Each structure stands twice: as structure tokens, then as C-alpha cells.
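There are 2 protein chains.
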Amino acid sequence: MDKLRLAIFSGLFQPGSRLIESQLCTQLGISRPSLREALRSLEAERLIEIVPNRGPSIPALTWEKATAIYEVRELLEVEAAGRCASRIRPEQLRELEKSLFAFEEAASSNDSLAQVMTAADFYSIILANCGNPVLEEVHRGLVARISFFRGRSMSLEGRAQSSLAEMREIFESIASGDEKAARKASKRHLLKAKAAAKLSMDGGV
Amino acid sequence: MDKLRLAIFSGLFQPGSRLIESQLCTQLGISRPSLREALRSLEAERLIEIVPNRGPSIPALTWEKATAIYEVRELLEVEAAGRCASRIRPEQLRELEKSLFAFEEAASSNDSLAQVMTAADFYSIILANCGNPVLEEVHRGLVARISFFRGRSMSLEGRAQSSLAEMREIFESIASGDEKAARKASKRHLLKAKAAAKLSMDGGV
DNA sequence: ATTGCAAGAATGTCAGACAATCGGTGTTGA
DNA sequence: TCAACACCGATTGTCTGACATTCTTGCAAT
């Protein structure tokens, strides 16, 4: 399952393309029953679609659908940032700062993969410290479904630097325990990320 | 899968109890590969847990976990009610009213199953008309995970009548297009439902 | 009473097979 | 020429049966 997930995240499959079970079996070196178990899991996570008698395929992500995901993600992420501000522990705060530094470094490079990874780290720390594991889990599921964009939008001109400024704001708000500011900063960041995603989609980056 | 889901919803399995694949196979009249596919789906929906080499089991729902679910559910539900207020169509509004009447009738009876079903209908209409299918989908997943409570709390003394009053408030706010009021009413309703759930859990109804 | 071991049970995985279904292709008839 | 139809390959849905691995449990020995 992890191999499949990774393949999907890395964009190895064309959106809309069908996945042939027998092919995947030989490629992954596993049997069809095992593969089908994995496919069912991924289907439940909405990473693939399985239509009866037609088999699994990569769902084509329309901007409409992506918008819906971003909206729910905003709800969760803003809430998480707010809660994080009032309840994060000093030790985790240091971790968060470290991951911010890591992103800072990545942002000054041109390695958009590193940028995506470190930015994801930053957010996963916030989500992990919001005090609600369900919120974290749902959020992770949503982010996975728009992983399609993460590489593209980050490679837009100046997006990394802009993102860095927004993330600093978030960190500062959380560090100072200002819940409202954390929410606002988080919302701003997400909206910009969404706009960048749309740009990268329309622009066909 | 539907049969299994239904069995879980109806509380046929003891929380924490293990599910034996071979038993389920004979009971459902299907083979192990098919069963395991279904189990993987249910696992991804968090309706069952599968620990490696120990197999599937019904997760024991602690109140802590339930609280986490209720918190996220509140975020989504309140948002849905608010959006619904500003965008529901007249036709759907009539549907919503009809489902409110249905609950009204059920509430005056002692059929707690009918109460649960009609109340679920009411909410599913709101979620279906919030304009965000992802929000609806995530919400449904969360509600499924606390279905454990739905029958119990509704059978508490006076809960149905109280619930009815709260739902009327929600309906009125939505009907008048008052987004803020809809959010407030929805929040109030959920918090009361949560309190009832806790009562029913502690009281061991 | 505790520890170690062995038998049984259950899971993880595989191979192979077969019916049902879908999509495209070629044929036939108007 | 074009449309409808029948056919066929490809793919999925499902089953049976098997085997290794792992966990659990009960028993025996210390």
C-alpha cells in the first residue's frame, strides 16, 4: 500500500488513467488478493476510484473539487493553529521552530521537493499539537488528496519566499500564544497557497 | 461491506471484540479474499481496527476519542448549517421541513430507532445542501464512528423533545437565511447532543 | 506460582481458476 | 454510407485451496 501511495503522490500515474490489476501485481511483486486489499484501502481514502466492473483509476481532480477540499482544510487547519497557540509545549515549540528553519533553508534553494517536504513537516507539527488526533487525521487525509498540487505550486516564482513569510507569521503567533493571530495567519497562508495552486493549475506549470 | 457496516452500526459486535475472518466468511457466505477487501475498506473508515497478525476488531470508543470526534464534527456541522442558510434552494428547504415534521412525529412516539433515523435525515439534508460535497463526506465518516451513541442518547428521558426544539431553531434560522443564527443553533444542538451522549455513556443506558 | 514449551487457531499471502462484464472491432443489413 | 448487432479479447469479481508465519492458550516441569 505504501508503494502505491508513494507512486500516486509522486504523480507517477496520469490523472484519469486506469490502473490494471495484473500489471500492478507484477510490478509490485504481489498477488492479486493482496493488491486488491491495498486498492480498497486507497479507495476509502479517496486516493483512487474503483468503479464496478471497470476497476481502479486515478480520479481527475477538478478545480471545483479541489476548492471543496481547500475549504474544509481551511476549517481544520485554522482551528488547529488556534488550538496549537494556546496549548503547544515548549519542547514542541522548539521542534516547530526547527522545522521553520529547515524550510527557510529549503526556500533559499531551488529544491522544490525539499520545500514541499519541510513545509509539510511544519504543518504536521502544528496538527500533531492541536490536541485533537481526529482533526489531525482528517486533515492528513485531505492534504493527501491535493498532493497533486504541492510540487507544482511551490515551484512558482517567489512562492517559497512568500510562503516562508506567512509561516513565520504563524510561528510567531503560536510562539506568543496568540490564538486569534494564529488563526488569521493560518487562514492567510492557506488562502495564498490555494491561489498559488490555482495559478499553477491554470498556468499548466 | 454493507452488511458488515450495518452489523457494526446496530451494535451487533461488542466494542473491543475480535472479528474472526473464517467465522464472518461463513456467516456472510463469502470467501476470505472478498471479506478481507471489505475489512480493509472498513478499516480505512476507522469502523474497525486491524492490527497486524491479530486481525480485525471493533475499536473501543473512549470518551476522550469521542470528544475529539465531536469537536471536529462541530466545526463541520456548524459551517454546513451556516452555508446552508445562505444557499439552500426552496425545494430542498421544503424537504428539510418535511424531515423536521417526520422527526416531530417520531419524537412524540417511543420509537428511538425512528427518532435516530429521522434526525439523521434532517442533518443529511443540511449537509447535502451546504454546497461542499467534501464537507458532507467527511462529516458522514465522523458520524459513523460515533453511531455507537445515537440510539442510546436519544432514548434518554426527554432528549427527543429537547432535540426537536433545537432542530426547529436550526430550521427556522436556515429558512430565514440567517447564517449566524443557523451556526449558533447548530452549535447549541451539537453540544447538547454531546452532553446527552456523555450522560448515556456514564449512566450505562 | 512461574516459566517454558508445544499444540492449536488465526492471519498473511499466494497460485490458479472461472464466470460476468465492459470496450472495441468487424460484419451485416438498410 | 451509416447504423445496429454480434462477437471477442481484456479486465474485473469471486472462489477454492493451500501454506508459512504469528499469536494464543493450555499443559507440564521446575
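Chains as they are written, first to last, in numbering that gives the first Met the number 0: chain A, 0 to 204; chain B, 0 to 204. Here a beta-carbon is modelled for each residue, glycine too, at the ideal position from N, C-alpha and C. Predicted, not measured: the structure shown is a model, and the values here were computed from it.
- By the Cβ neighbour-count rule, A/VAL50 is exposed, with fewer than 16 other Cβ atoms within 10 Å of its own.
- Using a 10 angstroms sphere on the CB of B/THR25, the tally of other CB atoms stays under 16, which defines it as exposed.
- Rounded to whole angstroms, the Cβ separation of A/SER40 and A/MET0 is 6 Å, and the two are in contact under 8 Å.
- For A/ILE49, the beta-bridge partners assigned by DSSP are A/PRO55.
- At least one beta carbon of chain B lies nearer than 7 Å to the beta carbon of A/SER40.
- In terms of Cβ geometry, B/ALA59 and B/GLY15 form a close pair [threshold 7 Å].
- For A/ILE124 and A/GLU78, the gap between their C-alpha atoms comes out near 14 Å.
- DSSP links A/ARG17 through a beta bridge to A/SER56.
- Distance from the Cα of B/LYS197 is smallest, within the candidate group B/ASP177, B/GLU178, B/SER154, for B/SER154.
- A/SER111 sits away from A/SER152, with the two beta carbons spaced by 7 Å or more.
- Contact between A/GLU168 and A/ALA143 does not hold, since their C-beta atoms are separated by about 25 Å, which reaches or exceeds 8 Å.
- Between B/GLU63 and A/GLY130, the alpha-carbon positions lie close to 11 Å from each other.
- The C-beta separation of B/VAL133 from A/LEU134 comes to about 15 Å, leaving the pair out of contact by the 8 Å criterion.
- Around the CB of B/GLN114, 16 or more other CB atoms lie within 10 Å, so the residue is classed as buried.
- Residues of the segment 55-71 of chain A with a Cβ closer than 7 Å to any Cβ of chain B, in chain order: ALA67, ILE68, GLU70, VAL71.
- Taking 7 Å as the Cβ-Cβ cut-off, the segment 126-150 of chain B approaches chain A at ASN131, PRO132, VAL133, LEU134, VAL137, given in chain order.
- A direct Cα-to-Cα measurement between B/LEU27 and A/LEU3 gives close to 30 Å.
- Here A/SER175 carries a coil assignment [DSSP, helix/strand/coil].
- The distance from the Cβ of B/PHE102 to that of B/ALA118 is about 5 Å, consistent with a contact at the 8 Å cut-off.
- Counting only Cβ-Cβ distances below 7 Å, B/ALA43 has contacts in chain A at SER40, ALA43, GLU44, in chain order.
- Using a CB distance cut-off of 7 Å, A/GLU178 does not count as an interface residue toward chain B.
- C-alpha of A/GLU94 to C-alpha of B/ALA67: approximately 24 Å in a straight line.
- For A/LEU23, the secondary structure class from DSSP, reduced to helix, strand or coil, is helix.
- Closer than 7 Å to the CB of A/GLU36 there is at least one CB belonging to chain B.
- A/LEU74 and B/LEU75 have their C-alpha atoms some 8 Å from each other.
- For the 7 Å CB-CB criterion, A/SER98 and A/PHE121 form a contact.
- Secondary structure at B/LEU41: helix, using DSSP grouped into helix, strand and coil.
- For A/MET153, the enclosing alpha helix (DSSP H) has its first and last residue at 146-153.
- A Cβ-Cβ separation of about 17 Å leaves B/GLU171 out of contact with B/LYS191 under the 8 Å criterion.
- Following the DSSP letters along the chain, one finds A/ILE87 in no alpha helix (DSSP H), marked with neither H nor E.
- The three-state secondary structure of A/LEU11, taken from DSSP, is coil.
- Restricting attention to A/LYS193, A/ILE87, A/ILE47, A/ALA159, the CA atom closest to the CA of A/ASP177 is found in A/ILE87.
- Residue-level contact check: A/PRO51 does not touch chain B, since none of the beta carbons of chain B fall below 7 Å from its beta carbon.
- Taking 7 Å as the threshold, the shortest C-beta distance from B/PRO89 to chain A does not fall below it.
- B/CYS83 sits close to B/ASN128, with the two beta carbons spaced by under 7 Å.
- Closest option to A/HIS138, judged by alpha-carbon separation, among A/GLU96, A/PHE100, A/LEU189, A/ALA6: A/LEU189.
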